[in-house]
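Q: The following block contains the structure, expressed as C-alpha cells.
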Amino acid sequence: MFRYILRRVLSAVPLLFGLLTITFFIIRLAPGDPVSLYVQGDVDPRYAENLRNALGLSDPLPVQYVKWLKGTLSGELGMSFSKHAEVTRILAQTLPNTLLLTFFALLFNFIIGIVLGIVTALKRGSAVDHTVNVTSLFVYSMPEFWLGLMLILGVSLHLGLLPASGMHSPMAKYMAMPSYVWDVAKHMVLPVFVLGVASAAATGRYMRGSLLEVINQDYIRTARAKGLSEVLVIGKHAMRNAIIPIITLLGLSLPFLLGGAVIVETVFSWPGMGKLTIDAVFARDYPLIIGCTLVSGVMVIVGNLLADVLYVLVDPRIRYE
Amino acid sequence: MSPRYLFVTLLCCGLLISCGKRAGEKDPMSETAVVALSGDADNLNPVVSNSSASQDIQGNVYPTMFDVSFNMREGKLEFEPSLVSSVEYSNNGKDVILRIRPDVYWEDGILVTPLDIKFSFELYGDPEVASPRRSYLESMMQTNGEFDVEKSIEILDDTTMVFHFQRRYPLQLFHLNLAPIPRHIYRNADRKTLRANPANERALGAGPFKLEEWVRQQNIILARNVNSNLPYPAKLERVIFRIISEPTTRLTELKKGTVDVMRPVYPEDVSDIQENNPDIKLVTLPPRNYEYIGWTNIDQVEYHKSGKKTVRPHPLFGDRRVRQALTYAIDRKGILEDQLGPYGELAVTDFSPVFRWAIQHDLIPFPYDPERARQLLRSAGWSDSNGDGILDKGGRDFAFTLHYNVGNKRREYAATVVQENLKQLGIKVDLQSVEPVVFYQKIEDKQYDAFIAGFSVGLAIDPADRWGDIDSPFNTVAFQNQRVTELLKLGLHVATERDASPFWKEMQQILHQEQPCTFMYWVKDIVGVNRRLKRTNINILGVTDHMWDWTIGDPKSAVTY
C-alpha cells in the first residue's frame with residue numbers, strides 16, 4: 001500500500017510539471033499585459049517600461065521560461081506582480097482558508113447527501129422522496145453566485161442571523177479561543193452551505209440510486225430473513241456496498257469544489273485560493289497564477305489519491321500492490 | 322446523563338457564555354470605524370504602491386510634507402504646513418527652501434530628518450525602483466535625462482533643505498508632496514525588488530495612525546499613534562479597512578451597520594437607501610472621472626504598419642466634421658439621465674468642472690441634434706449613394722466596431738444607445754465587449770477604431786499626458802494639434818495657476834471644436850457613511866482625507882458582528 005502511494009506521488013511530479021509548463025505558456029500567450037493595469041490616471045508612461053524591466057517581462061519568452069524553471073526547481077515561485085510579495089508566502093497565508101472552507105463543504109456535501117440518499121431510497125415513491133428529488137434538482141441547477149447573494153440579503157441583511165462576509169470579525173484576534181471559533185463558525189455557515197449544497201444534492205441522487213440497487217439484492221433479503229434489525233441491515237450490510245460509488249465522488253468533488261470556491265469566495269469575501277486565483281487572472285499576475293495552478297493541481301491529485309486509498313478501506317476486494 | 326453527554330453539554334454552555342461580552346470589559350469596537358474597500362492594498366510603501374487602497378492608508382500613516390486641501394470655491398489645491406513648517410522661494414522661484422520640523426519622530430522613536438526626505442526622493446526618482454510617481458521629479462535637476470538627486474536636493478542643516486527646479490511652475494508644491502519613508506529601514510534595501518521588500522508590509526510612519534495589522538485579502542487595521550504630532554494622534558482608537566470585493570455584499574454590510582464607510586454606492590441603490598436606511602448618509606463627490614467615446618483620429622493600421630512613421634487621417638474619424646457629427650448624433654443627455662441621474666453631468670471637454678479658475682464657461686455641451694449631424698456628414702462627403710441604407714464615401718461604408726470592457730453595465734448600455742442613434746443616420750455599428758485587461762492594452766496600443774472608455778483626472782491640471790504626444794498611452798485616440806502642443810508648453814511653464822488660465826481656456830475651445838473624442842459625462846462618485854461616524858471630511862481628495870479627526874457620535878452604537 002505504502003509503495004503504491006509513493007508510486008502515485010512520484011508519478012504526479014511530471015504531471016504537475018507539465019501542468020505548470022503549459023500554464024506558463026498559455027498565460028503568456030493570452031492577450032493582456034500585466035503592466036497595462038497600472039498605466040492609468042496620472043501615472044508616468046515611462047513607468048510601464050521601467051516596471052516591465054523590473055518584473056523581467058522584457059526578456060524573450062524562452063529566457064523567461066528558463067528563469068522561471070530555475071526558480072521553481074529551487075522552490076521559489078517568484079514575486080507576485082499585483083500583491084508585491086513572495087508567491088509562496090501569499091499561498092501559505094491563503095491556502096489554509098480554502099482548505100477550511102472546502103473541508104467543511106465536503107463534510108456537508110457527504111453527510112447531507114448520504115442522509116438524503118438513504119431517506120429517499122428507503123421511502124422510495126413516497127411524498128418525501130418526490131419532494132427531496134425535486135428540491136435536489138432545483139438546488140443543483142441554481143447558480144452559486146445567485147444563491148449566495150440571496151442568502152446574504154435574506155439571512156444576513158433582513159434576518160440578521162449571520163455575518164454577510166469575511167472569515168471572521170475584524171477584531172477577532174482580541175477574542176478568547178472559544179469565541180474566536182464561534183465567530184469563524186458563524187462566518188462559515190453561509191459559504192459552506194452554498195459551496196456544499198449543490199454537491200450534496202448530487203451526492204444524494206447517487207446515494208439513492210446506489211442504495212436502491214443494493215437493497216434489492218439477495219444478501220440483504222437474507223439479512224432481513226435472519227431477523228436483523230432494519231438499522232443493522234441498512235447501516236452495516238447495505239451501506240458497506242452502497243457507499244463505494246460515493247467514494248469515487250470524493251475524488252471528483254474536489255475539483256468541483258475548488259471551481260465553486262472561486263465564486264463563493266468572491267461573493268462572501270472569503271480570503272481563499274478561489275478569490276486569489278480570480279484576482280491573479282484579472283491582474284495577469286503570472287507568478288501568482290502559476291502558484292494557484294500548482295496548489296489546485298496538488299489538491300486534485302491528493303483528492304484522487306485519497307479516494308483510491310479509501311477504496312481499500314471500504315472494499316475488501318481491492319488491493320493495491 | 323452519561324459523563325460523555327455531560328461533558329459535551331458543559332462545553333456548549335461554555336462556548337455560548339464566552340460569546341457574550343464580559344462585564345466591565347471595553348468593547349474593542351466602541352471607538353472603531355470600519356471602511357469597506359473593494360480591493361486589497363498592493364503594498365504600503367508610498368514609493369512603489371499603486372493601489373487606491375494603499376493611498377487611503379498611507380496618507381494617514383506616513384508623514385506628509387504638507388497638509389493638502391482642495392478649495393472647492395476656487396478649484397485649487399492648498400498647502401498648509403505639516404512635516405514642512407515653512408516654504409520660501411528664491412532664484413526666481415526655481416529654488417524652494419523647506420524648513421523641516423525638528424520634533425517629528427518615526428514610530429520607533431527615531432527622528433525624521435532631511436536625510437530621510439532626500440533618500441526617499443532618490444528612490445522615487447530611481448529608474449530601477451520604477452516608482453509610479455517618478456514623473457513628479459521631472460522638473461527638478463536632471464543628468465542625461467534622469468533625475469539627479471545631488472543636483473536637485475541640498476541639505477543645508479538639520480532642519481533646512483533646498484529643492485532645485487529647472488523652472489518655476491504651478492505644481493511645484495504638489496510635486497514636493499511625496500511621502501518620505503524611513504531611511505534607517507530601507508537604506509540597504511535592494512532597489513530592483515523594493516516593491517516586494519517585507520518592510521512594506523510593516524509600514525513604519527509618523528502620522529496620526531500606525532499600522533496594527535494587515536492580513537492580506539481580509540483587513541488592514543490602523544490604530545491611533547499616540548506619539549504622533551502630525552498633526553496629533555487620531556481621535557478614533559482604530560480604523561479597520563475590510564476588503565469586500567463584491568459590490569452587493571459591500572452594500573449589505575453598509576446597510577447592516579457592520580461597515581461605516583463604503584464607496585461607490587451606485588445611483589440605482591440610492592432611493593432604496595434613502596427610504597430604508599435613515600442611518601446612512603450619502604455624500605456625493607465632485608467629478609474627477611469622465612467617460613468618453615474614443616474615435617481614433619489617425620489611420621492606426623497604417624501607423625502601426627509603418628513602424629509609427631506614417632500619420633494620416635483615419636478614413637472614418639479623421640475629419641473633424643465627422644467627429645462633431647457623431648457627438649451631435651448621440652443622445653448623451655438621455656444616457657446620462659438613465660444611468661446616472663443627478664450623479665453625473667455632461668462633459669464639454671476633459672477639464673474637470675472642479676477647476677473653476679481654468680474652466681471656459683462660454684462653452685456649452687453639444688446638444689442631441691441628429692439633423693445637424695446629417696448636415697455635417699453630408700458636408701464631409703458621406704451619403705448613401707448605393708441606397709443600401711448605410712452611408713458611404715469613395716466605395717467605403719460608414720461601418721465600424723465599437724468596443725467596451727465587459728462587465729461595465731453603464732458602458733454596455735451607452736454602447737447600445739450609440740448603436741441605435743447612429744443607425745438612424747445610416748451608420749452601421751457593431752458592438753464588441755472585451756475582457757478588461759485586453760481592452761485597456763488594446764486602447765493603449767491604439768488598436769481599435771472606436772471604443773468607450775473612462776479617464777480619471779489628477780488633482781492639478783496637467784493635460785500633457787492626454788494631448789501632448791501621439792504615442793502617450795493616455796492619448797488613446799491619437800489626437801494631435803499644433804496649437805494644443807504650444808498651449809501645453811505655455812500652460813505648464815508659467816509661474817502661477819492664474820497665469821496658466823488663458824492657455825487652458827483656449828485649449829478647451831480647441832478640444833470642443835475638434836472633438837478628438839465624444840466627451841460623454843462626468844461621474845460623481847457616491848459614498849455611503851453611517852451617521853454614527855462624525856467629523857468625516859469626505860471630499861475630492863478621498864474618503865480617508867483627515868481621517869484622524871473622525872469620531873464616533875454615540876459610543877453605544879459600536880459595530881457588532
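Going line by line, the protein sequences match chains A and B.
Going by the numbering used here, the letters in the first sequence line up with residues 1 to 321, in that order.
Going by the numbering used here, the letters in the second sequence line up with residues 322 to 882, in that order.
For each residue, glycine too, the CB sits at the ideal point set by N, CA and C.
This structure is a prediction, so every number in the text was calculated from the model and none was measured.
Given a cut-off of 8 angstroms, decide if Val669(B) and Phe840(B) are closer than it, judged by their beta-carbon atoms.
A: The answer is yes: Cβ separation under 8 angstroms.
Q: Pull up the distance between the alpha-carbon of Asp718(B) and that of Pro634(B), whole angstroms please.
A: In a straight line, the C-alpha of Asp718(B) is about 17 angstroms away from that of Pro634(B).
Q: Would Asn241(A) pass as an interface residue toward chain B - the criterion being a Cβ-Cβ separation below 8 angstroms?
A: Not one chain B Cβ lies under 8 angstroms of Asn241(A).
Q: Answer yes if the segment 636-644 of chain B comes into contact with the segment 698-712 of chain B, meaning at least three C-beta pairs across the two stretches below 8 angstroms, and no otherwise.
A: Yes: the two stretches touch, three or more of their Cβ pairs being nearer than 8 angstroms.
Q: Are Phe562(B) and Asp377(B) touching if we call contact CB-CB under 8 angstroms?
A: In contact: Phe562(B) and Asp377(B) (Cβ atoms closer than 8 angstroms).
Q: Grab the span of the alpha helix (DSSP H) containing Glu733(B) for me, first residue to last.
A: Looking at the DSSP string, the run of the alpha helix (DSSP H) that includes Glu733(B) is Lys730 to Leu746.
Q: Indicate whether at least one CB of chain B lies closer than 8 angstroms to the CB of Gln217(A).
A: No, Gln217(A) lies away from the interface with chain B (no Cβ there is under 8 angstroms from its Cβ).
Q: Using only alpha-carbon positions, find the residue among Asp820(B), Tyr507(B), Phe530(B) and Ala527(B) that is nearest to Pro519(B).
A: If we check each option's Cα against that of Pro519(B), Tyr507(B) comes out closest.
Q: Tell me, please, whether the CB atom of Gln762(B) is closer than 8 angstroms to any CB atom in chain A?
A: Yes, its Cβ sits closer than 8 angstroms to a Cβ of chain A.
Q: Please identify, using Cβ separations under 9 angstroms, the residues of the segment 516-529 of chain B that lie next to chain D, in order along the chain.
A: Although the question refers to chain D, the structure presented lacks it and instead comprises the protein chains A and B.
Q: Whose CA, out of Thr605(B), Asn726(B) and Tyr649(B), lies closest to the CA of Ile861(B)?
A: That would be Thr605(B), whose Cα lies nearest to the Cα of Ile861(B).
Q: Mind checking the segment 142-172 of chain A against chain B and listing, in chain order, the residues whose C-beta falls within less than 9 angstroms of any C-beta there?
A: Within the segment 142-172 of chain A, the qualifying residues are Phe145, Gly148, Leu149, Ile152, Leu153, Ser156, Leu157, Gly160, Pro163, Ala164, Ser165, Gly166, Met167, His168, Ser169, Pro170, Met171 and Ala172.
Q: Quick check: the Cα distance between Gln595(B) and Ala242(A), rounded to an integer number of angstroms?
A: Spanning the two alpha carbons is a distance of roughly 56 angstroms.
Q: Alpha carbons only, please: which of Leu61(A), Gly75(A) and Leu95(A) is nearest the one belonging to Ser296(A)?
A: Taking only the C-alpha atoms, the option nearest Ser296(A) is Leu95(A).
Q: Would you mind sorting Tyr219(A) into buried or exposed? The rule is 16 or more other CB atoms within 10 Å of its CB.
A: So Tyr219(A) counts as exposed.
Q: Would the beta-carbon of Asp285(A) fall within 8 angstroms of that of Ser136(A)?
A: No. Outside cutoff.
Q: Count the C-beta pairs between the segment 725-733 of chain B and the segment 687-699 of chain B that are closer than 8 angstroms, then say yes if the count reaches three, no if not.
A: Touching, no, given that fewer than three Cβ pairs across the two stretches are closer than 8 angstroms.
Q: Determine the direct distance from the alpha carbon of Leu419(B) to that of Asn413(B), and round the result to whole angstroms.
A: Rounded to the nearest angstrom, the two C-alpha atoms are 16 angstroms apart.
Q: Comparing C-alpha positions only, which one of Asp361(B), Tyr761(B), Glu475(B) and Ser460(B) sits nearest to Gly615(B)?
A: Nearest option by C-alpha distance: Tyr761(B).
Q: So which residues of chain B does Arg284(A) contact, with C-beta pairs closer than 7 angstroms?
A: Per Cβ cutoff of 7 angstroms: Val758.
Q: Quick check on DSSP: helix, strand or coil for Met273(A)?
A: The answer is helix: DSSP assigns Met273(A) an H, G or I state.
Q: At a Cβ threshold of 8 angstroms, is Pro191(A) touching chain B?
A: Answer no: the Cβ-Cβ gap between Pro191(A) and chain B never drops below 8 angstroms.
Q: Which whole-angstrom value describes the C-beta separation of Arg609(B) and Val778(B), a residue pair presumed to lie in contact below a C-beta threshold of 8 angstroms?
A: Sure, about 6 angstroms apart at Cβ, within 8 angstroms.
Q: Out of Val483(B), Leu492(B), Ala354(B) and Glu443(B), state which residue places its alpha-carbon closest to the alpha-carbon of Asp820(B).
A: Nearest C-alpha to Asp820(B): Leu492(B).
Q: What are the complete beta strand (DSSP E) segments, minimum 3 residues, inside the segment 445-525 of chain B?
A: Counting whole runs of 3 or more residues, the segment 445-525 of chain B contains the beta strand (DSSP E) stretches 474-478 and 481-485.
Q: If I measure Cβ to Cβ from Leu288(A) and keep anything under 6 angstroms in the same chain, skipping five residues before and after, which residues do I get?
A: Cβ within range, chain order: Ser80, Val87 and Ala280.
Q: So, helix, strand or coil for Ile711(B), using DSSP?
A: Looking at Ile711(B) - three-state DSSP - the assignment turns out to be coil, as it is neither helix nor strand.
Q: If you draw a straight line from the alpha carbon of Asp308(A) to that of Leu257(A), how long is it in whole angstroms?
A: Going by the C-alpha atoms only, they are around 19 angstroms apart.
Q: Among Leu153(A), Gly117(A) and Gly272(A), which one has its Cα closest to the Cα of Leu211(A)?
A: The option with the nearest alpha carbon to Leu211(A) is Gly117(A).
Q: Mind the definition here: the segment 564-573 of chain B touches the segment 141-161 of chain A only if three or more C-beta pairs lie below 8 angstroms; say whether that holds.
A: Contact between the segment 564-573 of chain B and the segment 141-161 of chain A is present, because at least three Cβ pairs lie under 8 angstroms.
Q: Using only CA atoms, which one of Pro316(A), Thr23(A) and Ile90(A) lies nearest to Glu884(B)?
A: Only positions 322 to 882 of chain B appear in this structure, which leaves residue 884(B) out of reach.
Q: Would you list the residues sitting across from Gln376(B) in a DSSP beta bridge?
A: DSSP lists no partner for Gln376(B).
Q: Is there a Cβ of chain B sitting closer than 8 angstroms to that of Ala54(A), yes or no?
A: Output row for Ala54(A): interface = yes.
Q: What would DSSP say about Arg609(B), mapped onto helix, strand or coil?
A: DSSP places Arg609(B) in coil when its eight states are reduced to three.
Q: With which residues is Gly775(B) paired in a DSSP beta bridge?
A: DSSP lists Glu612(B) as partners of Gly775(B).
Q: If distances are taken between C-alpha atoms only, which option among Arg537(B), Asn548(B), Leu543(B) and Pro501(B) comes closest to Arg559(B)?
A: The candidate whose alpha carbon is nearest that of Arg559(B) is Leu543(B).
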